[in-house]
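**Q**
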Amino acid sequence: MNTSRTKTQNNTESQNPCNPYYFNPGENPGMILVSPQLYGNNYHSCHRAMKRVLLLKNKWKFVDGSIEASTKTNSLYEAWERCNVMVIIDHSFNIKPNCTKRHIH
Numbered sequence: 007m008n009t010s011r012t013k014t015q016n017n018t019e020s021q022n023p024c025n026p027y028y029f030n031p032g033e034n035p036g037m038i039l040v041s042p043q044l045y046g047n048n049y050h051s052c053h054r055a056m057k058r059v060l061l062l063k064n065k066w067k068f069v070d071g072s073i074e075a076s077t078k079t080n081s082l083y084e085a086w087e088r089c090n091v092m093v094i095i096d097h098s099f100n101i102k103p104n105c106t107k108r109h110i111h
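Residue numbers (my numbering): 7 to 111.
#1: Can you tell me which of ILE95, SER20 and ASN25 puts its alpha carbon nearest to the alpha carbon of LEU62?
#2: Given this structure, state the Cα-to-Cα distance separating ASN90 from SER76, to the nearest angstrom.
#3: Quick check: what's the CA-CA separation for ARG54 versus ASN80?
#4: Output needed for ILE110: all residues of its chain with C-beta closer than 6 Å, excluding positions within five of it in sequence on either side, in chain order.
#5: Quick one: what does DSSP say PRO26 is sitting in, helix, strand or coil?
#6: For LYS67 and TYR49, what's the separation of their Cα atoms in angstroms?
#7: Taking the alpha helix (DSSP H) that LYS67 falls in, what are its first and last residues?
#8: Does the separation of the CB atoms of LEU82 and VAL69 fall below 8 Å?
#9: To the nearest whole angstrom, what separates the beta carbons of LYS65 and MET92, a pair I think is in contact under 8 Å?
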């Protein structure tokens, strides 16, 4: 398969808002997405709120395993890595600082 053609095709696909690899230009990885933040005793309500946000952003598939981790040789690796990091950052900003070390690795 032609590697440059594959990368061009992947870049075009990642510009499609329906594609899970797409990022809205206005997305900010430092935003608190759910309120209140996870503090320990509110896991279930925070989980539901975070799931809704990730479904809305079309990123839930990275959490539930529908989109498996890419290998470095996969043409989608860089796009997968960006999305994975964004989901991790989204989660970390929505957890109270004293809980972060227990939940994010």
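Beta carbons are placed, not taken as given, at the ideal position from N, Cα and C, and that holds for glycine.
In this text the structure is predicted, and so the values were computed from the model without any measurement.
**A** Result, derived from the coordinates:
#1: Locating residue 62 in the sequence shown gives position 56, where the first residue counts as 1. When each option's Cα is compared against that of LEU62, the closest is ASN25.
#2: Counting from 1 along the sequence shown, the entry for residue 90 is found at position 84. Counting from 1 along the sequence shown, the entry for residue 76 is found at position 70. Rounded to the nearest whole angstrom, the C-alpha separation of ASN90 and SER76 is 10 Å.
#3: Taking the first residue of the sequence shown as position 1, residue 54 is located at position 48. Taking the first residue of the sequence shown as position 1, residue 80 is located at position 74. Roughly 32 Å between the two C-alpha positions.
#4: As a first step, residue 110 must be located in the sequence shown, where it is residue number 104. Residue placement at ILE110 is flagged as unreliable, the pLDDT there being 47, under the threshold of 50; the coordinate-derived value follows with that caveat. Contacts found: SER98.
#5: For the purposes of this step, residue 26 is taken as the residue at position 20 of the sequence shown. DSSP, reduced to helix, strand and coil, places PRO26 outside both helices and strands of the structure shown, so it counts as coil.
#6: Working through the sequence shown from its first residue, we reach residue 67 at position 61. Working through the sequence shown from its first residue, we reach residue 49 at position 43. Roughly 20 Å separates the two Cα atoms.
#7: The residue given as residue 67 occupies position 61 in the sequence shown. Unbroken alpha helix (DSSP H) run through LYS67: 66-70.
#8: One-based indexing of the sequence shown puts residue 82 at position 76. One-based indexing of the sequence shown puts residue 69 at position 63. No, Cβ-Cβ distance for LEU82 and VAL69 is not below 8 Å.
#9: Within the sequence shown, the letter at position 59 stands for residue 65. Within the sequence shown, the letter at position 86 stands for residue 92. Yes, they are in contact, since the Cβ atoms of LYS65 and MET92 sit about 7 Å apart, within 8 Å.
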